[in-house]
Amino acid sequence: GQSLEQPSEVTAVEGAIVQINCTYQTSGFYGLSWYQQHDGGAPTFLSYNALDGLEETGRFSSFLSRSDSYGYLLLQELQMKDSASYFCAVWKDKIIFGKGTRLHILP
Amino acid sequence: DSGVTQTPKHLITATGQRVTLRCSPRSGDLSVYWYQQSLDQGLQFLIQYYNGEERAKGNILERFSAQQFPDLHSELNLSSLELGDSALYFCASSPGTSEDEQYFGPGTRLTVT
Chain A
1 GQSLEQPSEV TAVEGAIVQI NCTYQTSGFY GLSWYQQHDG GAPTFLSYNA LDGLEETGRF
61 SSFLSRSDSY GYLLLQELQM KDSASYFCAV WKDKIIFGKG TRLHILP
Chain B
108 DSGVTQTPKH LITATGQRVT LRCSPRSGDL SVYWYQQSLD QGLQFLIQYY NGEERAKGNI
168 LERFSAQQFP DLHSELNLSS LELGDSALYF CASSPGTSED EQYFGPGTRL TVT
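Heads up: the sequence lines are chains A and B, in that order. FYI, our numbering numbers position 26 of the first sequence as 26, with every residue one higher than the one before it. To convert a position in the second sequence, counted from 1, into our numbering, add 107.
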């Protein structure tokens with residue numbers, strides 16, 4: 001079947017670096033996207049990897065390896081406002097979202 | 108502000124009832140997507156419309172239906188409501204048919220009592 005697996009929760013310290021992994025059991029998709037969602041808010045687009053490799057957007061980077069069926073979101077210089085849920089998603093004949101990773105940041 | 112609007116923001120109704128959720132996409136976007144998000148759950152894709160036509164279907168129940176109108180706004184109709192239908196319903200839009208960057212509206216919180 002088609003599914004995306006993410007850790008349910010990750011905890012990190014303010015100012016540190018954290019990596020949120022996304023593994024998948026689907027193939028033939030166009031690319032891997034990442035979304036952020038704060039409690040009570042709507043998801044917002046963070047990044048998209050059409051090709052294998054690393055994409056950097058400010059403090060956030062995203063990586064994709066199709067051969068390893070694996071991707072990750074890297075958040076650097078963590079700030080308290082980064083406390084949120086993060087979802088990976090792929091588009092094949094329809095969009096498929098992972099269940100999300102809740103990021104807790106400790107001061 | 109994503110530019111996507113949804114009404115109403117909150118809706119409380121009883122089991123067995125029918126409700127309609129409305130979404131206006133960003134100016135220029137042709138695709139509209141509907142999602143359901145239950146408590147502590149991820150986003151469940153329901154259905155996509157592109158320029159008035161159904162484009163992709165996800166885990167949408169037969170009790171649910173949607174349409175996109177000529178002015179590109181969309182409505183999601185939920186009927187014979189059950190307690191389990193209580194959730195946040197998001198609408199998103201994108202310019203094309205399979206955009207990986209979608210813009211989400213603020214959502215409609217539906218409570219079925």
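Beta carbons are placed, not taken as given, at the ideal position from N, Cα and C, and that holds for glycine. None of these values were measured; they are calculated from a predicted model.
Within 10 angstroms of the Cβ of A:Phe97, are there 16 or more other Cβ atoms? Answer buried if so, exposed if not. Against the first sequence, residue 97 of chain A aligns to sequence position 97. Label assigned to A:Phe97: buried.
Would DSSP call A:Lys99 helix, strand or coil? Locating residue 99 of chain A in the first sequence gives position 99, where the first residue counts as 1. DSSP places A:Lys99 in coil when its eight states are reduced to three.
Report the three-state DSSP secondary structure of A:Lys81 (helix, strand or coil). Residue mapping note: residue 81 of chain A aligns to position 81 of the first sequence, counting from 1. Helix.
For A:Asp93, return the contacting residues in chain B, with the cut-off set at a CB-CB distance below 8 Å. Here residue 93 of chain A refers to the residue found at position 93 when the first sequence is read from its first residue. In chain order: Ala163.
A:Gly71 by DSSP, collapsed to three states: which one? Start at 1 with the first residue of the first sequence, and residue 71 of chain A comes out as number 71. Note: A:Gly71 maps to strand in three-state DSSP.
Can you give the beta carbon distance from B:Pro202 to B:Gly135, rounded, assuming they're within the 8 Å contact cut? Here residue 202 of chain B corresponds to residue number 95 of the second sequence, with the count starting at 1. Here residue 135 of chain B corresponds to residue number 28 of the second sequence, with the count starting at 1. With 8 Å as the limit, B:Pro202 and B:Gly135 qualify as a contact, their Cβ atoms being about 6 Å apart.
Which bits of chain A does B:Ser109 rub up against, with CB to CB less than 8 Å? Sequence index remark: in the second sequence, residue 109 of chain B carries index 2 (1-based). Within chain A, the residues placing a beta-carbon under 8 Å from that of B:Ser109 are Ala42, Thr44, ordered along the chain.
The region 140-154 of chain B touching the region 113-120 of chain B, judged by at least three CB pairs closer than 8 Å: no
Verify the CB distance criterion: does A:Lys81 have a CB-CB separation below 8 Å to chain B? Stepping through the first sequence from its first residue, residue 81 of chain A is reached at position 81. No, because no Cβ of chain B sits closer than 8 Å to the Cβ of A:Lys81.
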